[in-house]
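Notes to accompany the following structure.
Protein chains: 2
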Amino acid sequence: MKSIQVMTKDGAYDVNVDSELRFRLHELLPKSYRKVFVITDSTVGPLYLDDVLTELRKVSEVDYSIVPAGEGSKSSRFYFNLMTEIINAGLDRDSLIVALGGGMIGDLAGFVASTYMRGIDFIQMPTTILAHDSSVGGKVAINHPEGKNLIGSFYQPKAVLYDVDTLHTLPLREIRSGYAEIVKHSLIHPTPFWDQLKSLNLNQPLDNERLVSDLINGIHVKREIVQQDEFEQNVRQYLNFGHTLGHAIEAERGYGHITHGEAVAIGMLFALRVSEQHFNIQLPFDELYRWFKQNNYPFDVSDLSVTRLITRMKKDKKAKNSAIQMVLLKQLGECTSVRLEDNDVTLWLETFMRELVNN
Amino acid sequence: MKSIQVMTKDGAYDVNVDSELRFRLHELLPKSYRKVFVITDSTVGPLYLDDVLTELRKVSEVDYSIVPAGEGSKSSRFYFNLMTEIINAGLDRDSLIVALGGGMIGDLAGFVASTYMRGIDFIQMPTTILAHDSSVGGKVAINHPEGKNLIGSFYQPKAVLYDVDTLHTLPLREIRSGYAEIVKHSLIHPTPFWDQLKSLNLNQPLDNERLVSDLINGIHVKREIVQQDEFEQNVRQYLNFGHTLGHAIEAERGYGHITHGEAVAIGMLFALRVSEQHFNIQLPFDELYRWFKQNNYPFDVSDLSVTRLITRMKKDKKAKNSAIQMVLLKQLGECTSVRLEDNDVTLWLETFMRELVNN
């Protein structure tokens, strides 16, 4: 079992990554709990909930709730329904909530845990590669109709238990989406591990050893950054590398029509291109482009409007000539946050999108 | 201006108590804010909102919302409505929320602030005596139909600005309610100040000097306890002195039919009586009883059922013979938490209620 410890203001927690963790759950709980409540979704529930319940019932009274899969469950409605369910299940301040699922479940269950009786313990059991990112760092939230993650807290889990077996049931698109964030982590930190990813072929089945190693590398970078900046005052913004354009593409396409990681992949290529031009340097744009292509990341952006993307990328969407804030690389592994004129970004984006379509 | 500094895990904040503070607001803000949003209720709004808005508009863009007075506004519905309003008002992570009102407003606005964009700054401007208690210590929450304050956080204000002028418009019942918590603070801490309260007559108009002094004394005790135990792991429970029976009476009478402090007054007398019997000591029960009587605290408990009160006082309401946890005094100023058999408490409560009615 590979393990990484994350230090926070409220104490430390371990991120454990291994196969068959779900069958060793009760040894891995940070303490004993009289009551445990598992929150999962309609995709993950049928696959892994029984294993988790069986294991937890050896040591605790256990209840659970299954919410519909998809971002729609990260809503005020499901949040309050879950509150009612855990009250009825008799959870008190000494109880535990387990988030069994991807980022949506981690965010939702974590926000429930952070605000039930002013905060009770919770554990993340991520079941996607993408969640290696969201399960570490203590960001929990639900969405508001006006925007994603507008309602939430900083609230740390008591442990992250990552059973890599659960990743083999992921559809290929979700594997691609998760690996895009691993690629991001491989590029932005002073110990870049991009070289170790280059040869990976996502179209072939991934073995557990490989998964454990790549996840640990990604989590290591995430940990280094969130430990420096738990509350997103400074360097934590570097985690947004590739996300300025990525988020804009996601929103323009409509959530669900492109995965988060697929959008971020395009966003990272653009951020590399802008970095090269802004700092007049050479970065591994071509290498990264080829890797994404070989692994079938979708690059069909021809239908997207540059003007609309630029509007979404602006910090203040109502201001006509406001700046765009982007995380760029001064060299591989060294981030910086730069304010750019939207006219410059518009020109670069037009060229970049032509290039992407014509290649 | 009297000032007390409260140390918390997330930094320190000042509690300032004085008259006319609302006209010096902009000097007292901890930093400058581009946007400020004031949350108040339909009782306080007509009286003091204009003063506050006028003052804040000297330095910021200001919006506000007025919710109906009363505990009903501490609900998920008003919570989400406020979220929508502050999103539409364009509040970002560098904005400020001001809670102008009593404990209900402080709890509601504080919970909004603690969960909007994972937490933005907020300031408490208490307008009741009771709120000297709730505005210090960082407990914020809304109610769930199944119970009070079940959804909330620990989240510290950036400042508490207490304008004692606003207390002169309080109805007498609210003055009594607030002073009951000051009396509580006067009894439970190693520097008891009960002697200074004895001569006070609440039926006469209170002068500002007296109010400032009593509030500062109460807040001092609250601060000492919450600094020792920010997250309610141990000594913070001493603040529940008088609340075991107090909460039970409030719930039995129905919220709104007896004020919080009036119920706690009866609860404190009972806790003194139990302390005397449990530890075989003498405490100033008679003195306190006389003071409450002189100040017209209502003691008509003859219609309440001892059995029903006992059920409500039990930690586990479903268990038949479970223990009751009460905070008792070993001597004036020294608290301890004791588990008592419900049979013992029943006998004491029957005697106590007869005594209260017959006197």
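Listed in order, the protein sequences are those of chains A and B.
817 is the number of the first residue of the first sequence in this note's numbering; add one for each residue after it.
817 is the number of the first residue of the second sequence in this note's numbering; add one for each residue after it.
C-beta: ideal position from N, C-alpha, C; glycine also.
heavy atom of the ligand PLP below 7 Å from residue i C-beta
| i | result |
| --- | --- |
| S993(B) | No copy of the ligand PLP appears in this structure; indeed no ligand is present at all. |
CB contact flag (residue i, residue j, <8 Å)
| i | j | result |
| --- | --- | --- |
| T1075(B) | S993(B) | yes |
| L841(A) | V868(A) | yes |
| P973(A) | G926(A) | yes |
| M1129(B) | A1087(B) | no |
| A996(B) | G935(B) | no |
| V1080(B) | G1062(B) | yes |
| M1084(B) | V1117(B) | no |
| Q1141(A) | R1124(A) | no |
| T982(B) | T943(B) | yes |
| L865(A) | Y880(A) | yes |
| T985(A) | L916(A) | no |
| Q1044(A) | M823(A) | no |
| I902(B) | V928(B) | yes |
Where the beta strand (DSSP E) through residue i begins and ends
| i | result |
| --- | --- |
| Q1043(A) | Q1043(A) -> not in any beta strand (DSSP E); alpha helix (DSSP H) instead, spanning 1024-1044. |
| L916(B) | 912-917 |
| K818(B) | 818-824 |
| M1142(B) | 1140-1147 |
| H960(A) | 955-960 |
| Y978(A) | 975-979 |
Extent of the continuous alpha helix (DSSP H) run through residue i
| i | result |
| --- | --- |
| D949(A) | 947-950 |
| F938(A) | Segment 937-942 is the beta strand (DSSP E) holding F938(A); no alpha helix (DSSP H) there. |
| F970(A) | Run containing F970(A): none in the alpha helix (DSSP H); it sits in the beta strand (DSSP E), 963-970. |
| G1083(A) | 1076-1095 |
| E877(B) | Note, E877(B): premise wrong, no alpha helix (DSSP H); beta strand (DSSP E) at 877-883. |
| V868(B) | 866-872 |
| G827(A) | From DSSP, G827(A) is part of no alpha helix (DSSP H) but of the beta strand (DSSP E) over 827-834. |
| D1158(B) | 1158-1174 |
| F853(A) | Taken as a continuous stretch (DSSP letters only), F853(A) belongs to no alpha helix (DSSP H), being part of the beta strand (DSSP E) at 851-857. |
| Y895(B) | 892-904 |
| V999(B) | 988-1004 |
| L1061(A) | 1059-1069 |
| E843(B) | 841-844 |
| D1011(B) | 1010-1013 |
| E1103(A) | 1101-1110 |
| T1127(B) | 1122-1129 |
Amino acids of chain B, ordered along the chain, whose beta-carbon sits closer than 9 Å to that of residue i
| i | result |
| --- | --- |
| T960(A) | Correcting the residue type first, residue 960(A) is His in the shown sequence and not Thr. What H960(A) touches in chain B: F896, M899, T900, I903. |
| T1060(A) | The contacting residues do not exist; T1060(A) stays about 17 Å from chain B at best. |
| K955(A) | R934 |
Identity of the residue in the options nearest residue i by Cα
| i | options | result |
| --- | --- | --- |
| L924(B) | L983(B), T1007(B), F938(B) | F938(B) |
| L837(A) | N1024(A), L1061(A), M823(A) | N1024(A) |
| S1153(B) | H1094(B), R1128(B), T1162(B), I1126(B) | H1094(B) |
| K818(B) | T943(B), I1032(B), L1148(B) | I1032(B) |
| E1092(A) | L1120(A), K874(A), L1148(A), F894(A) | L1148(A) |
| G906(A) | K1109(A), R850(A), A885(A) | R850(A) |
| V1052(A) | K955(A), L1022(A), V1173(A) | First, the amino acid is wrong: residue 1052(A) is Arg here, not Val. Closest option to R1052(A), Cα to Cα, is K955(A). |
| D1030(A) | V1042(A), F1047(A), D1045(A), P1008(A) | P1008(A) |
| P987(B) | D910(B), K874(B), N1019(B) | N1019(B) |
| R909(B) | N965(A), G886(A), K890(A), I945(A) | N965(A) |
| V1122(B) | V1028(B), M933(B), D1158(B), S1138(B) | D1158(B) |
| E962(B) | F896(A), V831(A), V1042(A) | F896(A) |
| L1165(B) | Y1071(B), T1060(B), R1106(B), E1150(B) | T1060(B) |
| K1000(B) | G968(B), F1108(B), V831(B) | F1108(B) |
| G1070(B) | A947(B), L1120(B), H948(B), S835(B) | L1120(B) |
| N904(A) | V878(A), V1161(A), S1002(A) | V878(A) |
| N1056(A) | V1143(A), E871(A), E1150(A) | V1143(A) |
| E1048(B) | S1002(B), S969(B), V1028(B) | S969(B) |
Supposed close pair residue i, residue j - CB separation, criterion 8 Å
| i | j | result |
| --- | --- | --- |
| S892(A) | I958(A) | 6 Å |
| D979(B) | M941(B) | 7 Å |
| Y1113(A) | V976(A) | Between V976(A) and Y1113(A) the Cβ distance is about 27 Å, and since that is not below 8 Å, they are no contact. |
| R1039(B) | V914(B) | Going by Cβ atoms, the distance from R1039(B) to V914(B) rounds to 21 Å, so no, they are not a contact pair. |
| I1004(B) | Y1054(B) | 6 Å |
| I820(B) | I1035(B) | 6 Å |
Chain-ordered neighbours of residue i on chain B, where CB pairs are closer than 7 Å
| i | result |
| --- | --- |
| R1106(A) | Simply none; closest approach about 38 Å. |
Under 9 Å from the C-beta of residue i: neighbouring residues of chain A
| i | result |
| --- | --- |
| K825(B) | K825, D826 |
Under 7 Å from the C-beta of residue i: neighbouring residues of chain A
| i | result |
| --- | --- |
| G968(B) | T931, R934 |
Proximal residues of chain A, C-beta to C-beta of residue i below 8 Å
| i | result |
| --- | --- |
| S892(B) | S892, F896 |
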